[in-house]
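**Student:** Dumping the structure here so I can ask a few things about it.
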């Protein structure tokens with residue numbers, strides 16, 4: 001199953017404006033935010049992440065609603081989080 005998961009922007013990459021670090025359920029990942037270059041993203045913004053790319057900016061309320069829904073999926077969501085934890089950059 002492929003999921004788009006909400007992540008909160010926690011750091012920018014000083015060397016590459018197309019990269020940023022997001023926190024996804026406690027796991028930090030470097031992602032590409034280049035598709036949202038016109039969005040003026042800031043630390044604290046929420047984005048929908050799929051296969052390492054930020055696809056859209058979403059509100060914190062929408063992010064929480066999606067996270068609540070995903071947690072309700074049980075094993076599929078747990079598997080996705082396990083995969084994220086294995087690639088944690090911190």
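Residue numbers (the numbering used here): 1 to 90. Glycine included, each C-beta is placed from N, C-alpha and C at the ideal position.
1. Per DSSP, what kind of secondary structure is residue 66 in: helix, strand or coil?
2. By how many angstroms is the C-alpha of residue 33 removed from the C-alpha of residue 13?
3. Per DSSP, which one or two residues make a beta bridge with residue 23?
4. Tell me residue 58's beta-bridge partners as DSSP assigns them.
5. Taking just the CA atoms, how far does residue 29 sit from residue 43?
**Tutor:** This is what the structure holds:
1. Here DSSP, grouped into helix, strand and coil, assigns residue 66 to helix.
2. One C-alpha to the other measures close to 10 Å.
3. Residue 23 is bridged to 8 and 28.
4. The partner list for residue 58 (beta bridge, DSSP) reads 46.
5. Take the alpha-carbon of residue 43 and the one of residue 29: they are about 14 Å apart.
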